[in-house]
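Novice:
There are 2 protein chains.
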Amino acid sequence: MNKIKLNKPYLVLLGAESNPTYAKTGLGLVQWQPGLVVGQLRFRGCKVNLNVPDMSINEAVKKGIGSLIIGVAPIGGAIPESWLEVIEDAARAGLDIVYGLHIKLEDFPAITAAANKSGAKLINVRIASDNLPVGTGIKRSGKRLLTVGTDCASGKKYTALALDQAMRENGMNSTFRATGQTGIIIAGEGIPIDAVVADFISGAAELVSPDNNDDHWDIIEGQGSLFHPAYSGVSLGLLHGSQPDAFVVCHDATRNVISGWEHYSLPSIQECIDMHILLGKRTNPEICCVGISVNTSGLPTKEREQYIKNLTKETGLPCIDPLIDGCDKIIKFINKKA
Amino acid sequence: MNKIKLNKPYLVLLGAESNPTYAKTGLGLVQWQPGLVVGQLRFRGCKVNLNVPDMSINEAVKKGIGSLIIGVAPIGGAIPESWLEVIEDAARAGLDIVYGLHIKLEDFPAITAAANKSGAKLINVRIASDNLPVGTGIKRSGKRLLTVGTDCASGKKYTALALDQAMRENGMNSTFRATGQTGIIIAGEGIPIDAVVADFISGAAELVSPDNNDDHWDIIEGQGSLFHPAYSGVSLGLLHGSQPDAFVVCHDATRNVISGWEHYSLPSIQECIDMHILLGKRTNPEICCVGISVNTSGLPTKEREQYIKNLTKETGLPCIDPLIDGCDKIIKFINKKA
Chain A
2 MNKIKLNKPY LVLLGAESNP TYAKTGLGLV QWQPGLVVGQ LRFRGCKVNL
52 NVPDMSINEA VKKGIGSLII GVAPIGGAIP ESWLEVIEDA ARAGLDIVYG
102 LHIKLEDFPA ITAAANKSGA KLINVRIASD NLPVGTGIKR SGKRLLTVGT
152 DCASGKKYTA LALDQAMREN GMNSTFRATG QTGIIIAGEG IPIDAVVADF
202 ISGAAELVSP DNNDDHWDII EGQGSLFHPA YSGVSLGLLH GSQPDAFVVC
252 HDATRNVISG WEHYSLPSIQ ECIDMHILLG KRTNPEICCV GISVNTSGLP
302 TKEREQYIKN LTKETGLPCI DPLIDGCDKI IKFINKKA
Chain B
2 MNKIKLNKPY LVLLGAESNP TYAKTGLGLV QWQPGLVVGQ LRFRGCKVNL
52 NVPDMSINEA VKKGIGSLII GVAPIGGAIP ESWLEVIEDA ARAGLDIVYG
102 LHIKLEDFPA ITAAANKSGA KLINVRIASD NLPVGTGIKR SGKRLLTVGT
152 DCASGKKYTA LALDQAMREN GMNSTFRATG QTGIIIAGEG IPIDAVVADF
202 ISGAAELVSP DNNDDHWDII EGQGSLFHPA YSGVSLGLLH GSQPDAFVVC
252 HDATRNVISG WEHYSLPSIQ ECIDMHILLG KRTNPEICCV GISVNTSGLP
302 TKEREQYIKN LTKETGLPCI DPLIDGCDKI IKFINKKA
């Protein structure tokens, strides 16, 4: 299997976490897939609450849970001793262990032994299969939308999830397609595209959004930015392999430079649109921009509306802050074009 | 060490090869680095000749040879039994074993044991370090030229080697920088850029051509093509990380479609130039095209000269077939611009 696929439903391990910022995976999962999170496993002192029943490994087994998801990122990256016991118990009970940490659970012999005995899998969603195909460039059936960005961390995952949800609420046929670790945990499948060997980026992207019904939309989570001095290769391979019919530019309203690479200015929204059309038409000549998704949370409240209005006027495209406006404007635009 | 570095000088293993096509690595090595190939190791029936002394492992050890280079690609990819003994002997004698095959010598216990005992390294030049940095995008000192292509296998390695040689013959200060397996064997160091994890493509490219003297040229071997539906990500990461001041477009005169991806037409030379300037200026605003290197071997002999003349007129740039014309026209153009 070249795609990562998770065993549903889930028990989420939150440990003793007191800061919601470090529990983004667990919180994101319950936000977007509430039906799949059957329980949470919390230690004394945990102040994060997913508002699902607290549950032990034994109870989880009885409920037919498929995977224990590590829903928090421990500070410093090392796994606390107290987690190791729980993970070992879960692996022994046959639950897959799903995590996105920099460590490898295979380095813990007791956990590996427990998993081997029960048949449980240890799934690090940061690690890509080493058995991926090269891209074919052959056109696939169905429709595809890719979220792209002026920078990393500009709302590409959130926008894709929100667009997929809004499409389905509007009676359309759509699927969120994950290309990063948190997205994979939320979608239950995907490929961490930035962890793929360079020769296979577009081949991996092709696998992420396979042939589908003519009226079906794959909403593909973008990665990096074509303008990023470190990650542009990932973004171009993903663009070419995704063959998107449509793309949405994601942007943080307060950002003027590449975050962490401050010697690089951000492209303008229009440059970003033009570059994606120029490069994207190589594998899909029909590619077009269908909207701009802006994170306006850094702007003073009273400036947000005007910012969105100005951008709408400048680009002639539907512009939204998905957290405030939802995605309906973009979806209407897509349906009007079709 | 993040770059592969080879121990010089070399003994080249040719086995019983009778077809020069399969001995490209050995023949390329002796063509570009004649001083480093001290001997060849041939079995009965070998019809390939590098015109260096035939030599056993024992003799090679006495000559102070650093590495045994596997200079032929065995048909089917499996290593013949007769090679294994020689490789084991060489490893036992402390020679590094350098190869670019799809197999791993670590899978042969006798070879691994011999290498471990002597301290010899088993170096597969297809495999990249898993300890590479992320690209910084920070400008480096010295000058850089990248060979790029309208397609894969369009003469990028050959052109880079020929340009580097011609520069040095013209009294300039230059170094060939390898990004692929054969190039790495010829250069004695480098990173196989297409084997790097996607997030680290431009970081690896930055390592390949570090800071240097102001008058020094790194001549960087290009990979893939920005127009290739499978490999464009590699090419963009390499372009952004290389930060070239100059690039040369490499093209096969008889090719109209992407080789092996025949549903994709080749870009025109002008499109290829424009796209590299548009994208390359992100990390080096001074980027410019300094020539076109065409493989005209597929054209009827009498048409070659006219083809090159027409292209020179169309582009206003020095156009050459490096095998026929050498690279002096391009080097003159570079020096005139400077």
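Order-wise, the sequence lines are chains A and B.
All you need for the working numbering is the position in the first sequence, starting with 1, plus 1.
All you need for the working numbering is the position in the second sequence, starting with 1, plus 1.
Even for Gly, the Cβ is constructed at its ideal location relative to N, Cα and C.
1. Just to confirm the assignment: which complete beta strand (DSSP E) runs, minimum length 3, are found wholly within the stretch 129-207 of chain B?
2. Quick check: what's the CA-CA separation for aspartate 219 of chain B versus asparagine 213 of chain B?
3. Given that glycine 138 of chain B touches chain A, what residues does it touch there, using C-beta distances under 9 Å?
4. Taking the beta carbon of valine 258 of chain A as the centre, do at least 16 other beta carbons fall within 10 Å, making it buried, or is it exposed?
5. When the cut-off is 8 Å and only beta carbons count, does valine 197 of chain A lie next to chain B?
6. How close, in whole Å, do the beta carbons of threonine 180 of chain A and leucine 239 of chain A come, if the pair is a contact with beta carbons under 8 Å?
7. Which residues of chain B have a Cβ atom closer than 7 Å to the Cβ of arginine 93 of chain A, listed in chain order?
8. Beta-carbon within less than 7 Å of phenylalanine 44 of chain B's beta-carbon, same chain only, minus the 5 sequence neighbours each way: which residues are those?
9. Could you tell me whether any Cβ in chain B is nearer than 8 Å to the Cβ of threonine 284 of chain A?
10. Looking at the strands, I want to know which residues DSSP matches up with cysteine 273 of chain A.
11. Would you please verify whether the beta carbon of isoleucine 194 of chain B is less than 8 Å from any beta carbon of chain A?
12. Counting only runs that start and end within the stretch 257-326 of chain B, where is the alpha helix (DSSP H) found for 4 or more residues in a row?
13. Could you tell me the boundaries of the alpha helix (DSSP H) in which isoleucine 66 of chain A lies?
14. Classify alanine 163 of chain B as buried or exposed, calling it buried when 16 or more other Cβ atoms lie within 10 Å of its own Cβ.
15. Which same chain residues, not among the five before or five after leucine 1 of chain B, have their C-beta less than 7 Å away from its C-beta?
16. Are there 16 or more other CB atoms within 10 angstroms of the CB of proline 230 of chain B, so buried, or fewer, so exposed?
17. Does the beta-carbon distance from isoleucine 98 of chain B to isoleucine 124 of chain B come in below 8 Å?
18. Please classify glycine 317 of chain A: is it buried, with 16 or more other beta-carbons within 10 angstroms of its beta-carbon, or exposed?
19. Write down the C-beta distance between valine 149 of chain A and isoleucine 70 of chain A rounded to the nearest angstrom, noting that I regard them as a contact closer than 8 Å.
20. By how many angstroms is the C-alpha of isoleucine 58 of chain A removed from the C-alpha of leucine 102 of chain A?
21. Does histidine 217 of chain A come out as helix, strand or coil in the three-state DSSP assignment?
22. State the beta-bridge partners of aspartate 55 of chain A as determined by DSSP.
23. For isoleucine 202 of chain B, go through chain A and note every residue whose CB falls closer than 7 Å to its CB, in chain order.
24. Apart from the five residues on each side of it in sequence, which residues of its chain come closer than 8 Å, Cβ to Cβ, to proline 319 of chain A?
25. Run down chain A in chain order and give the residues with a C-beta less than 9 Å from the C-beta of leucine 51 of chain B.
26. So valine 235 of chain B and isoleucine 202 of chain B are in contact, right, with Cβ under 8 Å, and what is the actual spacing, rounded?
27. Within 8 Å (strictly less), CB to CB, does histidine 103 of chain A reach chain B?
28. Could you tell me the distance, in whole angstroms, from the CA atom of valine 49 of chain A to the CA atom of leucine 42 of chain A?
29. I'd like to confirm the pairing. Which residues does DSSP put opposite glycine 16 of chain A in its beta bridges?
30. Return helix, strand or coil for tyrosine 232 of chain B, following the three-state DSSP convention.
31. Can a CB atom of chain B be found closer than 8 Å to the CB of leucine 238 of chain A?
32. Within the same chain, show all residues whose beta-carbon is closer than 7 Å to that of glutamate 207 of chain B, passing over the 5 residues directly before and after it, in chain order.
33. Determine whether the Cβ of histidine 241 of chain B lies closer than 8 Å to any Cβ atom of chain A.
34. Between which two residues does the alpha helix (DSSP H) holding aspartate 329 of chain A run?
35. As a quick exercise: from B:Ala339, B:Met168 and B:Gly29, pick the residue whose alpha carbon is nearest that of valine 73 of chain B.
36. Evaluate contact between the stretch 2-12 of chain B and the stretch 166-176 of chain B, counting only Cβ atoms and requiring at least three cross-stretch pairs below 8 Å.
Specialist: Taking the definition as stated:
1. Listed in chain order, the complete beta strand (DSSP E) runs (minimum 3 residues) inside the stretch 129-207 of chain B are 144-150 and 174-178.
2. Aspartate 219 of chain B and asparagine 213 of chain B: Cα-Cα distance of roughly 9 Å.
3. Chain A residues near glycine 138 of chain B: His229, Pro230, Ala231, Ile259, Trp262, His264 and Tyr265.
4. Exposed is the call here.
5. Residue contact with chain B for valine 197 of chain A: present (Cβ-Cβ distance below 8 Å to some residue of chain B).
6. About 6 Å separates the two Cβ atoms, so the contact holds.
7. Going along chain B, no residue has its Cβ under 7 Å from arginine 93 of chain A, so there is no contact; the nearest lies around 31 Å.
8. Closer than 7 Å at Cβ, skipping near neighbours: Gly16, Ala17 and Ser83.
9. With its beta carbon less than 8 Å from one in chain B, threonine 284 of chain A belongs to the interface.
10. DSSP output for cysteine 273 of chain A lists no bridge partner at all.
11. Isoleucine 194 of chain B has a beta carbon lying within less than 8 Å of a beta carbon in chain A.
12. Taking 4 residues as the shortest admissible run, the stretch 257-326 of chain B contains the following complete alpha helix (DSSP H) segments, listed from N- to C-terminal end: 270-281, 302-316 and 323-326.
13. From DSSP, isoleucine 66 of chain A is part of no alpha helix (DSSP H); its letter is neither H nor E.
14. So alanine 163 of chain B counts as buried.
15. Outside the displayed span of chain B (2 to 339) sits residue 1 of chain B, for which this structure offers no information.
16. With 16 or more other Cβ atoms inside 10 Å of its own Cβ, proline 230 of chain B counts as buried.
17. Remark: C-beta atoms of isoleucine 98 of chain B and isoleucine 124 of chain B approach each other more closely than 8 Å.
18. For glycine 317 of chain A, the number of other beta carbons within 10 angstroms of its own is below 16, and it is reported as exposed.
19. Wrong, their Cβ atoms sit about 28 Å apart, outside the cutoff.
20. Leucine 102 of chain A and isoleucine 58 of chain A have their C-alpha atoms some 21 Å from each other.
21. The answer is strand: DSSP assigns histidine 217 of chain A an E or B state.
22. In the DSSP output, where bridge partners are listed per residue, aspartate 55 of chain A has A:Gln41.
23. Correct list: Ala199 and Gly234.
24. These residues qualify, in order along the chain: Val291, Gly292, Ile293, Thr313, Lys330, Ile331, Lys333 and Phe334.
25. Result: empty, since nearest Cβ-Cβ is about 30 Å, beyond 9 Å.
26. Indeed, because the Cβ distance is near 6 Å, the residues count as touching under 8 Å.
27. No, its Cβ sits nowhere closer than 8 Å to a Cβ of chain B.
28. For valine 49 of chain A and leucine 42 of chain A, the distance between alpha carbons rounds to 11 Å.
29. Residue pairing of glycine 16 of chain A in beta bridges, as defined by DSSP: A:Arg43.
30. Tyrosine 232 of chain B falls in the coil class under three-state DSSP.
31. Contrary to the premise, residue 238 of chain A reads as glycine rather than leucine in this sequence. So, interface residue.
32. Here the set comprises Gly136, Thr137 and Gly242.
33. True, the Cβ-Cβ gap to chain A drops below 8 Å.
34. From DSSP, the alpha helix (DSSP H) with aspartate 329 of chain A extends over 329-338.
35. For the set B:Ala339, B:Met168 and B:Gly29, the Cα lying nearest the Cα of valine 73 of chain B is the one of B:Gly29.
36. Counting C-beta pairs closer than 8 Å gives fewer than three between the stretch 2-12 of chain B and the stretch 166-176 of chain B, which falls short of the contact rule.
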